[in-house]
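K.L.:
Residue numbers (my numbering), protein chains in the order written: chain P, 1046 to 1208; chain S, 1046 to 1208.
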DNA sequence: TGGAATTTTATGGGCGTCAATGGTTTGGTA
DNA sequence: TACCAAACCATTGACGCCCATAAAATTCCA
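1. Taking contact to mean 3 or more Cβ pairs, one atom from each stretch, closer than 8 Å, check whether the region 1092-1099 of chain P and the region 1142-1159 of chain P are in contact.
2. Show which residues of chain P have a CB atom less than 7 Å away from the CB atom of residue 1120 of chain S.
3. Give the range of the alpha helix (DSSP H) segment to which residue 1069 of chain S is assigned.
4. Pull up the CB-CB distance for residue 1064 of chain P and residue 1142 of chain P, whole angstroms please, since I reckon it's below 8 Å.
5. Hey, residue 1127 of chain P and residue 1136 of chain P are a contact pair by Cβ (cut 8 Å); roughly how many whole angstroms apart?
6. Kindly identify the DSSP beta-bridge partner or partners of residue 1100 of chain P.
7. Identify, in the order they occur along the chain, each residue of the same chain with its Cβ nearer than 8 Å to the Cβ of residue 1111 of chain P, setting aside the five sequence neighbours on each side.
8. Using the beta-carbon of each residue, which ones in chain P are nearer than 8 Å to residue 1128 of chain S?
9. Could you check what DSSP says for residue 1056 of chain P in three-state terms: helix, strand or coil?
10. Please confirm whether residue 1131 of chain P and residue 1050 of chain P have their CB atoms less than 7 Å apart.
11. What residue range is occupied by the uninterrupted beta strand (DSSP E) comprising residue 1137 of chain P?
12. Starting from residue 1151 of chain P and walking both ways along the alpha helix (DSSP H), at which residues does that stretch end?
13. If we ignore side chains and look at the alpha-carbon of each, how far apart do residue 1182 of chain S and residue 1055 of chain P end up?
14. Taking 7 Å as the CB-CB cut-off, is residue 1124 of chain S touching chain P?
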């Protein structure tokens, strides 16, 4: 497997630790962890959702690629740099495949006791994966499904025509 | 044979395992299983029916193809990704050609003790196949038949072939 | 053409491994 | 020395993997 696919929901323990789903770890393994001394993952607040974007080396390269396309010293590049790099954290992965989400990131994703009940949802998005509060993701998924259904005709046979 | 055709109904055992009908396995073999470490199939809630859409590599490529056209980091892409990747599960196929349907998917298809009596129906749809609760599929099939009859009347083709 | 042997398929059960989760200890630092 | 964080270890439960049985279809031979 070489992409992040599927969703998984895991528990946060009393110390704020969460297990990264094993299939995602497998992808990271192959993809290359972020080198934080030991192994780590890139993680930053998603720009357009109450979630966290995460990934390994490949994600980092992709961000670099995005910025490379913009002219040096342009306002746009500066802004994007700040937006993308500014809030990036490298979360170190412990020996058992767990991470601890820092408070700053947790706030953005609404990973509070109320919003998640001590659980977080990992959502595979191909090149990266996202971390959500379970309830927030449920809502987002529903919205996304509705939207896809709207566009299904445009998309051709991609969806699920029953007949 | 290279398409999923016909319908089959198999049992779910105590562990939640179901045998994929042999003819479907043959198609998957040729088509390419989803690479989930070992062999697996892609499976996600059907958009417009209480059923699950399933397939092998070919189906996965189709999904990838949909997203490939969209620019990275666009809202549209993120939303589609959630709907398509997020809902997808890779069900690993054991050595005997069986899968286990996770709770999240079972809920969508109504694969409860009540709705299926411990059975599931596999419906071939060419490129992919669907998994239904037997009773739900019976209803759907009946509705389809009625509709066909209507059409025949309109078409004036009321010959007499009972078959 | 009928019947027997063989192969394939479906289904049930047992076992081992790995992943998720909780707790404990160790090291560092204030 | 007291507290915080990170590495370590241990338990449990799920899942993957293997084998065994049984039923059905297919093939082969008389």
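Note that beta-carbon positions come from the ideal geometry of N, C-alpha and C, so glycine has one too.
P.N.:
In short, the structure shows the following:
1. yes
2. In the second chain, counting from the first residue as 1, residue 1120 of chain S sits at position 75. Chain P residues near residue 1120 of chain S: 1093.
3. Numbered from its first residue, the second chain carries residue 1069 of chain S at position 24. Per DSSP, residue 1069 of chain S belongs to the alpha helix (DSSP H) from 1067-1076.
4. Residue mapping note: residue 1064 of chain P aligns to position 19 of the first chain, counting from 1. Residue mapping note: residue 1142 of chain P aligns to position 97 of the first chain, counting from 1. Correct: roughly 6 Å between the Cβ atoms.
5. Locating residue 1127 of chain P in the first chain gives position 82, where the first residue counts as 1. Locating residue 1136 of chain P in the first chain gives position 91, where the first residue counts as 1. At roughly 20 Å, the Cβ-Cβ gap does not stay under 8 Å, so residue 1127 of chain P and residue 1136 of chain P are not in contact.
6. The residue given as residue 1100 of chain P occupies position 55 in the first chain. For residue 1100 of chain P, which the question treats as bridged, DSSP gives the partners P/1087.
7. Position 66 of the first chain holds residue 1111 of chain P. Counting only Cβ-Cβ distances below 8 Å, and skipping sequence neighbours, we find 1125 and 1129.
8. The count along the second chain starts at 1 and reaches residue 1128 of chain S at position 83. Near residue 1128 of chain S (Cβ distances below 8 Å), the residues of chain P are 1186, 1189, 1190, 1192 and 1193.
9. One-based indexing of the first chain puts residue 1056 of chain P at position 11. Residue 1056 of chain P falls in the strand class under three-state DSSP.
10. Position 86 of the first chain, counted from the first residue, corresponds to residue 1131 of chain P. Position 5 of the first chain, counted from the first residue, corresponds to residue 1050 of chain P. No, the Cβ-Cβ distance between residue 1131 of chain P and residue 1050 of chain P is not below 7 Å.
11. Against the first chain, residue 1137 of chain P aligns to sequence position 92. Residue 1137 of chain P -> beta strand (DSSP E) spans 1134-1137.
12. For this step, residue 1151 of chain P is matched to residue 106 along the first chain. Per DSSP, residue 1151 of chain P belongs to the alpha helix (DSSP H) from 1148-1154.
13. Translated into positions along the second chain, residue 1182 of chain S becomes position 137. Translated into positions along the first chain, residue 1055 of chain P becomes position 10. Approximately 34 Å, taken between the alpha carbons.
14. Looking up residue 1124 of chain S in the second chain gives position 79. Yes, its Cβ sits closer than 7 Å to a Cβ of chain P.
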